[in-house]
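Asker: Residue numbers (the working numbering), protein chains in the order written: chain A, 98 to 565; chain B, 723 to 931. From the three backbone atoms N, C-alpha and C, an ideal C-beta is built for every residue, glycine too.
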Amino acid sequence: MATSDCPHCGYGNPVAAQFCVQCGTILGGQKGQPAPSGESADGPDAGAGEQGADPPQPDEEGAEQQPPTGSSDTDDSRDWPHLDSEEDESVEDAHGEGRGLGAPAAGPLLRGPGGLLEPADPLSYITSTSGADDRTGDHTAGPSAELSADEEERRHLRRLFSEELPTAVGALPDMSATVGEPLQNGEGLQRRYWLELILLLSMAGALLWGTQSPRGGAGPHALPGLERAHRQIDSLQPNSRVLVNWAYDPATAGEMDFVARPLIEHLLQRQAKLIVFSQLPGGPATARRVIARAEASLQRPSRTQITANLVIEGGFLPGGGASLPLLGAAPARALPVDPSWVDLRERFRIAELGDSGPALTLVIAARAEDVRRWMEQVQPLNGGTVVAATSAVVDPSVRPYLHSGQLAGLVSGWDGGSAYVRRLERTRSVAEQVRSLRQINGLNWGVGILIAAVLLGNLAGLTERRRP
Amino acid sequence: MFSTRSGWLNRIVLLIVLVNAGIVVSSRLGLALAPPGVATTLYGWALLLGGFAIILGIANAVRFHLVRVQRGQREWLLSLVLLIVFALVLGAGISSPEGTRGQLSEWVFDAVLAPGQATLFALTGIFLVSAAYHFLRIGRPGGVWITAGALLMLLVQTPFLYEIVPDSVVALVDWLLTWPVMAAMRGVLLGGALAVLFISLRLIVNNAK
């Protein structure tokens, strides 16, 4: 008896089977008997004609959007078994086309319990989307349409991400890149220059307004969240419990240490009890070093004493965003249990965090996602006060939380850290000053090189344009 | 349309997902559909699953590289180095009574991990300069706006230009950050949240395309 392998589990089923006997995967493409090699369902002539045809060129209509999933190449089905779809089967049946064994097509992500574990490949959705449009055309999925899946996927990605980016507002579309295709922007509002005009007028107004406003307003130099963060920490009572989410590791420590350290110093000055945890494997060790330096700069007797009295190392918390809500609902259950400091847990009674919550939560993050996760997953559960210390690039992303009041304070970037150090009103040691100066010099050089690159690039562009 | 067996299993999985989602959502909304402890227990399970996921990930990586070394596949030597380093660090962590705070573990962190991570991250600076050279050009579509915005931000946020930039330019950047950028950020936040919500629903009802 002729059998065909299931594209999902590989079990040999009868050719006419609708479902796999082993795993239940739909094998509906075999309703129509598979066409012999070289023959499509439209007839031997059609198949032969297609076979003899040249492979479709990218510029040819139809060939451009033909998805790889329409191919009858059975090897492809081995690579993309989870793309099988009953809908595609019905569409192909409507066209009167039988498809080859295990012919793949994009479809539902959930396909039996095994489907849950299969990767959701974005490419399958890209190709399925374009393929859906393409089905309206009358192309056959015969051997003539053979383009390797890799080739087709690459072309889809190029079109999506590089070659045909949406035309910028007000810019004329590049006609050469879309030969034979209708203009997507048409003659609508996108072709007008009204948006640029409004933006220019607003910027001119901002310039005029800026010259008349007093110095030290709410500009980028003012760091509006810094004063609030300082006030929050300054108002802490001694022995207040502060939860510290350490969301950066050595990769971004160059900038983040500058921001984190003054806040840690301030917390230690206020005799707050820090419960430090991290969701990054390198986070706890990074935290230990910064806390030790903060302690040293405060000229405490020894790090051991500080650790024993003021700092609880919560360690590494796995699970990403999914495990964060437990910190809001039951912090004592979420923080890793280390037998070596069970007595410390008793002493500081972490369990009370579940009832009263921390007096303050400090999120020290190099990425906006970490602050956002905390504000959305944890803060609504415990309603606690949250202060964020972030890199400069995160600042615009988290300012909406600051403006809405969800975030009680925000310190960002090297300038935020420097301003916070000044607020602490303590004299910095020579070593600290040297380190700070070195860091600022590095930043100067980096930005200087970046500006030079931009200017040189534009100069090169102008030079190239003038050449015949 | 499902076959009998996979169809039922699929529906059971779907039911479990929906019940869990219902419990978590009701606890977030303050509805008393389930005791509060149930949601907390589910959160705890998520934490446990996270831990197991890490162990599975490590086991999978080790297996993958072991197979590569066994078969002598391309760049198997790098896989071997990875396995040796993995075994050394794991041994150092387990053998030391202080765990990851042992002397060897601390040395690995200070001498290998920290500088390595910092170096890799610093390499992004090279890409940044290259991208700035090639793409921040006024001749490209929309390039005037992107280049002007980038230069303005660099001018205002750079230490050595910090003091010499006129106040009006600072005010202009402030206006840009406060109004257009903030509005766009809020739009992205809201749009992203809605997109996640609807994509999740579509996945749950098995209608993802």
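Please report the straight-line C-alpha distance between B/MET907 and A/SER488, rounded to a whole angstrom.
Answerer: Distance between the alpha carbons of B/MET907 and A/SER488 is about 17 angstroms.
Asker: Output yes if chain A places a C-beta closer than 8 angstroms to the C-beta of B/ARG796; else output no.
Answerer: No, because no Cβ of chain A sits closer than 8 angstroms to the Cβ of B/ARG796.
Asker: Going along the chain, which residues of the segment 524 to 541 of chain A sit with their C-beta nearer than 7 angstroms to a C-beta in chain B?
Answerer: Within the segment 524 to 541 of chain A, the residues whose Cβ lies closer than 7 angstroms to some Cβ of chain B are ILE537, LEU540, ASN541, listed in chain order.
Asker: For A/LEU333, which residues in the same chain have their Cβ closer than 8 angstroms to its Cβ, ignoring the five residues on either side in sequence?
Answerer: VAL339, LEU364, ARG367, ALA369, ALA456, LEU457.
Asker: Classify B/GLU797 as buried or exposed, calling it buried when 16 or more other Cβ atoms lie within 10 Å of its own Cβ.
Answerer: It counts as exposed.
Asker: Buried or exposed, going by whether 16 or more other CB atoms sit within 10 Å of the CB of A/PHE116?
Answerer: By the neighbour-count rule (16 or more Cβ atoms within 10 Å), A/PHE116 is buried.
Asker: Name the two residues that bound the continuous alpha helix (DSSP H) containing B/SER817.
Answerer: Residues 798 to 817.
Asker: If we define contact as Cβ-Cβ less than 8 angstroms, is A/ASN342 a contact residue for chain C?
Answerer: The question asks about chain C, but that chain is absent: this structure's protein chains are A and B.
Asker: Given this structure, state the Cα-to-Cα distance separating B/VAL739 from A/LEU507, to the nearest angstrom.
Answerer: About 37 angstroms.
Asker: Go ahead and label B/ILE848 buried or exposed: buried means 16 or more other beta carbons lie within 10 angstroms of its beta carbon, across all protein chains shown.
Answerer: With fewer than 16 Cβ atoms within 10 Å of its Cβ, B/ILE848 is classed as exposed.
Asker: Taking a cut of 7 angstroms between CB atoms, which residues from the segment 546 to 560 of chain A lie near chain B?
Answerer: From the segment 546 to 560 of chain A, only ILE546, LEU547, ILE548, ALA550, VAL551, LEU553, GLY554, ASN555, GLY558 have a Cβ closer than 7 angstroms to chain B.
Asker: What residues from chain A crowd round B/ARG908, counting only those whose CB sits closer than 7 angstroms?
Answerer: The answer, in chain order, is PRO497.
Asker: Per DSSP, what kind of secondary structure is B/ASN742 in: helix, strand or coil?
Answerer: Correct three-state label for B/ASN742: helix.
Asker: I'd like to know if the segment 497 to 507 of chain A and the segment 320 to 328 of chain A are in contact, where contact means that at least 3 CB-CB pairs between them fall below 8 angstroms.
Answerer: With a cut-off of 8 angstroms, the segment 320 to 328 of chain A and the segment 497 to 507 of chain A count as touching, because enough Cβ pairs lie within range.
Asker: Does the Cβ-Cβ distance between A/PRO347 and B/GLN839 come in under 8 angstroms?
Answerer: Yes, Cβ-Cβ distance for A/PRO347 and B/GLN839 is below 8 angstroms.
Asker: I want to see whether chain B comes within less than 8 angstroms of A/ASN110, judged by CB atoms only; does it?
Answerer: Judged by the 8 angstroms Cβ criterion, A/ASN110 is not in contact with chain B.
Asker: Using a Cβ-Cβ cut-off of less than 9 angstroms, give me the residues of the segment 345 to 356 of chain A that come near chain B, in sequence order.
Answerer: Here the close residues are ASP346, PRO347, ALA348, THR349, ALA350, GLY351.
Asker: Go ahead and pull the three-state DSSP assignment for B/ILE666.
Answerer: Residue 666 of chain B falls outside the range modelled here, since chain B spans only 723 to 931, and no answer is possible.
Asker: Quick check on A/ARG485: does DSSP put it in helix, strand or coil?
Answerer: The sequence shown places Ala at residue 485 of chain A, not Arg. Looking at A/ALA485 - three-state DSSP - the assignment turns out to be strand.
Asker: Leaving aside the five residues before and after A/TYR345 along the sequence, list all residues of the same chain whose C-beta is less than 6 angstroms from its C-beta, in chain order.
Answerer: Excluding residues within five positions, the ones whose Cβ falls inside 6 angstroms are MET353, ALA463.
Asker: If you draw a straight line from the alpha carbon of B/SER801 to that of B/LEU788, how long is it in whole angstroms?
Answerer: Each residue's Cα considered, the two are about 7 angstroms apart.
Asker: So what's B/THR900 in DSSP terms, helix, strand or just coil?
Answerer: It is helical.
Asker: Report yes or no: is there a C-beta of chain A within less than 8 angstroms of the C-beta of B/ARG859?
Answerer: Yes, B/ARG859 counts as interfacial toward chain A.
Asker: For chain B, check one thing: does any of its Cβ atoms lie closer than 8 angstroms to the Cβ of A/SER420?
Answerer: Chain B contact via Cβ: present.
Asker: Determine the closest residue to A/ARG532 out of A/LEU296, A/GLY417, A/TRP511, A/SER337, with distance taken between C-alpha atoms.
Answerer: That would be A/TRP511, whose Cα lies nearest to the Cα of A/ARG532.
Asker: Take A/ILE361 and list the residues in its own chain whose beta-carbon comes closer than 7 angstroms to its own, dropping the five residues that flank it on each side.
Answerer: So the qualifying residues of the chain are VAL387, ILE388, ALA391.
Asker: Taking the runs of the alpha helix (DSSP H) that are 4 residues or longer, which of them lie wholly in the segment 320 to 354 of chain A?
Answerer: Those alpha helix (DSSP H) runs which fall completely within the segment 320 to 354 of chain A and span 4+ residues are 321 to 331.
Asker: Between B/LEU764 and B/ILE745, is the Cβ-Cβ spacing less than 8 angstroms?
Answerer: Yes; because the gap between Cβ atoms is below 8 angstroms, this pair is in contact.
Asker: Nearest chain B C-beta to A/SER394 closer than 8 angstroms, yes or no?
Answerer: No - not a single Cβ of chain B is within 8 angstroms of the one on A/SER394.
Asker: For the structure I just gave you, are there three or more beta carbon pairs, one from the segment 897 to 904 of chain B and one from the segment 492 to 504 of chain A, closer than 8 angstroms?
Answerer: Yes, the segment 897 to 904 of chain B is in contact with the segment 492 to 504 of chain A.
Asker: Could you tell me if A/ALA342 is buried or exposed, where buried requires 16 or more neighbouring beta carbons within 10 angstroms of its beta carbon?
Answerer: A small fix is needed here, since residue 342 of chain A is Asn in this sequence, not Ala. The residue is buried, with at least 16 neighbouring Cβ atoms inside 10 Å.
Asker: Please check if any C-beta of chain A sits within less than 8 angstroms of the C-beta of B/PHE786.
Answerer: No, its Cβ sits nowhere closer than 8 angstroms to a Cβ of chain A.
Asker: Please list, in chain order, the residues of the segment 472 to 491 of chain A that have any C-beta partner in chain B closer than 9 angstroms.
Answerer: So the list reads GLU473, PRO477, LEU478, ALA489, given in the order they occur along the chain.
Asker: What first and last residue would you give for the alpha helix (DSSP H) that runs through B/ILE776?
Answerer: Taken as a continuous stretch (DSSP letters only), the alpha helix (DSSP H) holding B/ILE776 covers 758 to 793.
Asker: What does B/GLN839 reach in chain A if we use C-beta pairs closer than 9 angstroms?
Answerer: Neighbours of B/GLN839 on chain A, chain order: ASP346, PRO347, ALA348, THR349, ALA350, GLY379.
Asker: From B/LEU810 to B/ARG785, what distance separates their C-alpha atoms?
Answerer: One C-alpha to the other measures close to 17 angstroms.
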